[in-house]
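**Student:**
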Amino acid sequence: MSLRPAKPRALDVAAFAEAGQDLSGAWPLTELVRLSDSTAPEARPGAEDAVRWSLRGEHRPRAGGDPIVRLHLQADTRLFLSCQRCLAPVEVLLRIDRSVRFVRDEAQAAELDTLSDEDVLAMDRRLDVQAWVEDEMLLDLPLVPRHSRCPAPLPGAEALGVGVAPPEGEGFEPLPEPEPPRVQPFAELGALAALRASLGGAAPEAEAGGAEPPRPPRRKGRGPAS
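Read in order, the letters of the sequence shown are residues 1 to 226 in full-length UniProt numbering.
(1) Tell me where the alpha helix (DSSP H) around Ser24 begins and ends.
(2) For Asp119, which residues of its own chain have a beta-carbon under 6 Å away from its beta-carbon, when the five flanking residues on both sides are left out?
(3) Here's the rule I'm using: 16 or more other beta-carbon atoms within 10 Å means buried, otherwise exposed. How should Pro45 be labelled?
(4) Let me know the secondary structure DSSP gives Gln108 once reduced to three states.
(5) Considering just the uninterrupted stretch of the alpha helix (DSSP H) at Glu134, what are its terminal residues?
(6) Taking 8 Å as the cut-off, is the CB of Leu29 close to at least one heavy atom of the ligand GTP?
(7) Alpha carbon to alpha carbon, how far is Ala47 from Val144? Give it in angstroms, no decimals.
(8) Taking just the CA atoms, how far does Val103 sit from Gly65?
(9) Pull up the distance between the alpha-carbon of Pro41 and that of Asp12, whole angstroms please.
(10) What does a CB cutoff of less than 6 Å around Ala43 pick up in its chain, not counting 5 residues either side in sequence?
(11) Roughly how many angstroms lie between the CA atoms of Phe16 and Leu121, to the nearest whole one?
(12) Which partner residues of Phe102 appear in the DSSP bridge assignment?
(13) Report buried or exposed for Glu91, applying the criterion of at least 16 other Cβ atoms within 10 angstroms of its Cβ.
(14) Could you please give the first and the last residue of the uninterrupted beta strand (DSSP E) stretch that includes Glu58?
(15) Which residues bound the alpha helix (DSSP H) around residue 229?
(16) With the cut-off set at 9 Å, would you say Ser38 and Leu139 are in Cβ contact?
(17) DSSP has Thr77 in a bridge; who is on the other side?
(18) Go ahead and pull the three-state DSSP assignment for Pro89.
(19) Put Leu11 into one of helix, strand or coil per three-state DSSP.
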């Protein structure tokens, strides 16, 4: 048997899951006030905008332990947020597909939450399904909503390169490659020459082949016999 109240605001999670029941429906987006208030001021939801949702309970007995109780939630809607680049409304589609395990109390929920990747909540005999769905959708809102390509820039922003995505196929200009350092072949030789000169060593020109070494003096000998 399926329960289909118009606004399930006090759902007994354990009884719902144990009976294997399901719920589904749609709410006007304007009824979810926190979600509605997050939309762009010039694109507030109208009467035709809705949040569609479905909920299914799961109950699995365990020998020697508490049964495993889960709720499987699916929900979707469309809304318009303010683009953080051009400030114009940008369409955002929200789709929730989540399974949550319910346990005895907050202490057990906190313990299992640290040991498992599964979402865990404390059992609730009066679960406000609408508020829960709204919470999940608020958590899924993009942190920085923006167009993939803004329709128009802010006044004066085009000159600064702000507010408009680059045309397709184009991107930012690459930074120029840094020039390699200039090689100075005689810099090290000059430093070495200065060092040796200060130590009284040989002149660097002789070692570098820049000048001939001094010739020994000629011996005075006898001239040819007359």
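For each residue, glycine too, the CB sits at the ideal point set by N, CA and C.
Note that the structure is a prediction, hence the values are computed from the model and not measured.
**Tutor:** In terms of the structure at hand:
(1) Where Ser24 is concerned, there is no enclosing alpha helix (DSSP H), although the beta strand (DSSP E) it sits in stretches over 22-28.
(2) Val100
(3) buried
(4) helix
(5) 129-139
(6) By its list of ligands, the structure shown contains no ligand whatsoever, and the ligand GTP lies outside what it can speak to.
(7) 27 Å
(8) 11 Å
(9) 37 Å
(10) Phe80, Pro89
(11) 15 Å
(12) Val69, Leu121
(13) exposed
(14) 50-62
(15) Limits of the chain in this structure are 1 at one end and 226 at the other, which puts residue 229 out of reach.
(16) no
(17) Leu94
(18) strand
(19) strand
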